[in-house]
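Chains C and D supply the protein sequences, listed in that same order. 503 is the number that the working numbering gives the last residue of the first sequence; the numbers go up by one with no jumps. 503 is the number that the working numbering gives the last residue of the second sequence; the numbers go up by one with no jumps.
Number of protein chains: 2
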Amino acid sequence: VRIAVVMSGGSGRRFWPVSRKARPKQLVPLVGGKCLLELTIERLLPVFAPDAIWIVTRAEQLEATRAAVARFGDLTLLVEPVGKNTAPCIAYAATVAQATLGDASLVVLPADHLIADEARFRDLVAGGLAFVEGRKSLLTLGITPDRPATGYGYIRRGKRAEDLGGSTFFKVTRFTEKPSLRAARRYLGSGAYLWNAGIFFFRASVMLEELARHLPQVAAEFKALGPHIGRSDEPERTAECYSRVESVSIDSGVLEKARRTWVLPADIGWDDLGSWTSFAKYMDKDAVGNSLRAQHVGVDSEGCVIYADGRFVATIGIKDLLVVATDDAILLVKREDAERVKELTDLMEEKGLDNLL
Amino acid sequence: VRIAVVMSGGSGRRFWPVSRKARPKQLVPLVGGKCLLELTIERLLPVFAPDAIWIVTRAEQLEATRAAVARFGDLTLLVEPVGKNTAPCIAYAATVAQATLGDASLVVLPADHLIADEARFRDLVAGGLAFVEGRKSLLTLGITPDRPATGYGYIRRGKRAEDLGGSTFFKVTRFTEKPSLRAARRYLGSGAYLWNAGIFFFRASVMLEELARHLPQVAAEFKALGPHIGRSDEPERTAECYSRVESVSIDSGVLEKARRTWVLPADIGWDDLGSWTSFAKYMDKDAVGNSLRAQHVGVDSEGCVIYADGRFVATIGIKDLLVVATDDAILLVKREDAERVKELTDLMEEKGLDNLL
């Protein structure tokens, strides 16, 4: 049995003010009138039946998530009471898989990425699942880097390789944190490094074993939850489990420690839409380098990114400004400071402006 | 008979996007929840009965004007079919005055100025009207300058002075255009120059004589209209008159040419709210020099002027930006470029964006 687990519980704070707690980035129609979660589902549907696509969401996003995927029919929604990062999310999916399907091969992937070469992506997903079905290994998709990006973690692939169904799989020799520009240039030049995109393959049983080894607290909580899956006390037990489980990422918690981790290089036009600046390339362009999703008239204005969902924005003498406007909020930030949106949302949280987050 | 004529037909383009064709600057609640026209009426009411206050408006602003002054009861509204600058506006008021009241003393004043010392202003208005009642003169209020402003016309007062009721009136020796900064500094130092604020006093009969002398086309059109005032064909005749009359200001058309023009110096805390920048001083201030009429959270943001009428605006690393937001439009302009709003509205007009003007 093969299951695609779409991790859709992120808060998308870097896309504030369009991204909100109850309707985060992945649920906003950003590209061609569709939200990123929809695009992620559409990308999977040619190779997964709807009932083999599971979406992990958070309670506060459940309503908006249901609305966003209603047209796909009977997808399974796993609801986390609160977000506790990716390790509990994946432990939850693996636990449900083992409780309801015996064992299963899972591919887990974020809901908010764009992939240009979808056919190649689907081939890799099929190949990756076939790979983990044959052995007790974890597998991660490694994106072929096309620039010395400093915003991603990198995976160094080793020499040991196996071919299966037209793809070549490499043993991982190490995961690295976000590098300096100098290190990133070296990584790019070496040809041996790949970006960690947060797309993983494993059998449920194997992941649960690895969790028990490297994150015993997480493993124990979900082991206790297992027998209640599908029973009337499941929601209550899930809430208890999540109230106690530690918040930790699958990368630092398991992948980087596991000894049986493999990587499948993928050159698929991947984009994680990490900030408004990286989203600019999906917007309309005018003759002077403004990126627009807005009705715009500018006098001496260049290089701006203006996302106002059809609202009218006029600028005079403005260069390289990022403007994002919604019904109730306007964000203004120098384009080069777009990564600082989180500073702002943290400050808003401090000031008790939760209603705007 | 004394009449105050409030010229309220301006378009207030420099306050776009808050100021719109159908609801220009003077009809927007800018200060203490009141619009500038309301404040102008309130300033006059202690010395004029409501039926002695006439408001000249334009057809497209009539509805919003009525709504803005409804609470004052029976003010008289004179409706210009189209705006043709101040000379026709004043000719119209003088014509109506002569047709309905025989002769009258008029003070005409813009609807969109602020005056801090209202008691002194009212004393000057009473004094000015008394002055013109006694002679065949035009009189202008001359604002005592407190800085070398380059955005106003100046009036040079002569030596010849007359005292009346506690005020001193001076003969005007010349009107000047907006000066260079150097000239403005000289004017300020000399003590002999005053700002032309567009506030004028005259008897209706005297103004009509001066119009006949200096603007015969304008005078002839309104002379033809005179006999129809108060008759059933008045609206039709007024439309004809305005379709033909030339567009010209009373300053360049009459005041600067008339030989019997006097000036009454006024130190009354006058402010013409000429641009968003000059309006900033009536907004709330935060600790780092932002002027706010908005809910604002800033990270490293200073010296901004943000008018968003209660909307939430967040800024990161933004200095000296003017931000104006309404339901359907957002204006962004460097604070020092606030005078360039007209360039923008001209461009919008060219592009056929009339619905946003």
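Don't be surprised by glycine CBs; every beta carbon is placed ideally from N, CA and C.
Item	Value
Residue-level contact to chain C via CB, Asp483 of chain D, 8 Å cutoff	yes
Residues near Asp466 of chain D by beta carbon distance below 8 Å, same chain, minus five either side	Glu448, Gly449, Cys450, Lys480, Arg481 and Glu482
Per-residue burial, Asn99 of chain C [other beta carbons within 10 Å of its own, 16 or more giving buried]	A query on residue 99 of chain C cannot be resolved here, the shown segment of chain C reaching from 147 to 503 and no further.
Stretch pair the stretch 212-226 of chain D + the stretch 312-330 of chain D: three plus CB contacts closer than 8 Å	no
Meets three-Cβ-pair contact criterion under 8 Å: the stretch 342-352 of chain C and the stretch 231-248 of chain C	yes
Segment contact flag, the stretch 267-283 of chain D with the stretch 300-320 of chain D, C-beta cutoff 8 Å, min 3 pairs	yes
Cβ-Cβ distance between Val445 of chain C and Glu382 of chain D below 8 Å	no
Beta carbon of Ile289 of chain D nearer than 8 Å to that of Leu340 of chain D	yes
Nearest-angstrom Cα separation, counted from Val202 of chain D out to Glu355 of chain D	21 Å
DSSP state of Pro411 of chain C mapped onto helix, strand, coil	strand
Per-residue DSSP class, three states only, for Leu401 of chain D	helix
Three-state secondary structure (DSSP) of Asn436 of chain D	coil
Secondary structure of Ile375 of chain C, DSSP reduced to three states	coil
The stretch 174-187 of chain C / the stretch 279-294 of chain C touching (three or more Cβ pairs under 8 Å)	no
Residue-chain proximity (Glu489 of chain C, chain D), Cβ-Cβ < 8 Å	yes
Under 8 Å from the C-beta of Gly463 of chain D: neighbouring residues of chain C	Val479, Lys480, Asp483 and Arg486
C-alpha gap between Phe346 of chain C and Leu327 of chain C, whole angstroms	26 Å
Nonlocal neighbours in the same chain, by C-beta distance under 8 Å from Gly299 of chain D, ignoring five residues either side	Phe321, Thr322, Glu323, Lys324, Trp341, Asn342 and Asp397
Limits of the alpha helix (DSSP H) - the one that Tyr333 of chain C falls within	Leu327 to Ser336
Nearest to Ala330 of chain C (by Cα), restricted to the options C:Pro294, C:Thr232 and C:Gly273	C:Pro294
Cα-Cα separation, Thr232 of chain C to Arg204 of chain C	12 Å
Option nearest Asp510 of chain C by Cα separation, candidates C:Val228, C:Arg486 and C:Asp455	Outside the modelled stretch of chain C, which goes from 147 to 503, sits residue 510 of chain C, for which no answer is possible.
Where Leu438 of chain D meets chain E, residues with beta-carbon distance less than 7 Å	Annotation note: the requested chain E is absent from the structure, which comprises protein chains C and D.
Between the CA atoms of Arg359 of chain D and Arg405 of chain D - distance to the nearest angstrom	11 Å
Helix, strand or coil at Tyr300 of chain D [DSSP, three-state]	strand
DSSP beta-bridge partners of Gln441 of chain C	C:Phe458
Contacts that Ala471 of chain C makes with chain D (C-beta to C-beta distance below 7 Å)	Ile476
Sequence-distant residues of the same chain with beta carbon closer than 7 Å to Leu275 of chain C, five excluded per side	Arg148, Ser251, Val253 and Phe347
Chain C contact for Leu502 of chain D (CB, 8 Å cutoff)	yes
Endpoints, the alpha helix (DSSP H) within which Arg266 of chain D is located	Glu264 to Glu279
Length of the line joining the Cα atoms of Glu169 of chain D and Arg486 of chain D	Per the sequence presented here, residue 169 of chain D reads as Arg, with Glu not at that position. If you take the alpha carbons of Arg169 of chain D and Arg486 of chain D, they lie about 21 Å apart.
Candidates D:Leu468, D:Leu410 and D:Ala433: closest to Gly273 of chain D by CA position	D:Leu410
Collapsed DSSP secondary structure at Trp162 of chain C in the structure displayed	coil
Contact list for Phe161 of chain D against chain C, beta-carbon separation under 9 Å	Ordered by position in chain C, no residue passes the 9 Å Cβ test against Phe161 of chain D, which lies about 13 Å from the chain.
Whole-number beta carbon distance between Glu264 of chain C and Arg166 of chain C, since they are thought to touch under 8 Å	Contact flag wrong, Cβ pair sits at about 28 Å.
CB contact flag (Leu287 of chain C, Ala412 of chain C, <8 Å)	yes
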